[in-house]
Amino acid sequence: MVSFTIGKDLKTVKFHANPRAKYSIEVVNYCEIRRFEVNTEKEQRYVCADSSYIYITNFRRTPNFENIRSLGDSLLHLRFQKEELRKQTALPDTFELSGMNDKALCWKDIKIGSISVGYVNVPEDKKELFDKSLKTLKKK
98 MVSFTIGKDL KTVKFHANPR AKYSIEVVNY CEIRRFEVNT EKEQRYVCAD SSYIYITNFR
158 RTPNFENIRS LGDSLLHLRF QKEELRKQTA LPDTFELSGM NDKALCWKDI KIGSISVGYV
218 NVPEDKKELF DKSLKTLKKK
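Just so we're aligned, residue 98 is where the sequence shown starts under the working numbering, counting upward by one.
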């Protein structure tokens with residue numbers, strides 16, 4: 098389910114990870130939505146013409162998997178370990194990683210509980226707008 102509230106640079110969209118986990122986030126106004134779903138896992142991408150995009154997902158492997166892998170095996174292991182192990186190692190509920198890919202484009206991945214939100218392929222001059230978008234994530 099998606100609804101829009103038109104604003105200057107951002108529009109509000111909704112993401113239902115499951116019946117009890119509903120989120121809203123403001124995404125870049127001029128992006129196209131793409132949805133992926135496998136059983137109970139869901140992902141929504143808001144893709145811009147330049148191939149930059151924001152995602153919100155409850156898939157275990159996020160669009161930034163390869164970018165996180167490039168940071169090293171220990172971070173990859175911590176970021177993608179199963180929820181049961183995260184609780185045993187006393188990691189925080191929120192885990193944030195970011196950087197630049199091999200094309201000098203920005204990326205960010207934030208794990209918050211059972212969902213991940215982030216962006217991929219963002220030119221440095223648009224990074225502030227995409228960061229602003231991620232800060233609007235709200236759980237309903």
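Backbone N, C-alpha and C define an ideal beta-carbon position, used for all residues, glycine too.
Check, Outcome
"Span separating the alpha-carbon of ASN198 from that of PRO116", "35 angstroms"
"Assigned secondary structure, ASN164 (DSSP; H/G/I helix, E/B strand, else coil)", "helix"
"Where the beta strand (DSSP E) containing ASP206 begins and where it ends", "203-209"
"Cβ-based burial, PHE133 [other Cβ within 10 Å; buried from 16]", "exposed"
"8 angstroms Cβ cutoff met for SER195 and LYS205", "yes"
"Burial state of VAL125 (16 or more Cβ within 10 Å)", "buried"
"ASN218: CB within 7 angstroms of a non-hydrogen atom of the ligand MG", "Among the ligands in the structure shown, none appear at all, so the ligand MG cannot be discussed."
"Delimiting residues of the beta strand (DSSP E) encompassing SER195", "191-197"
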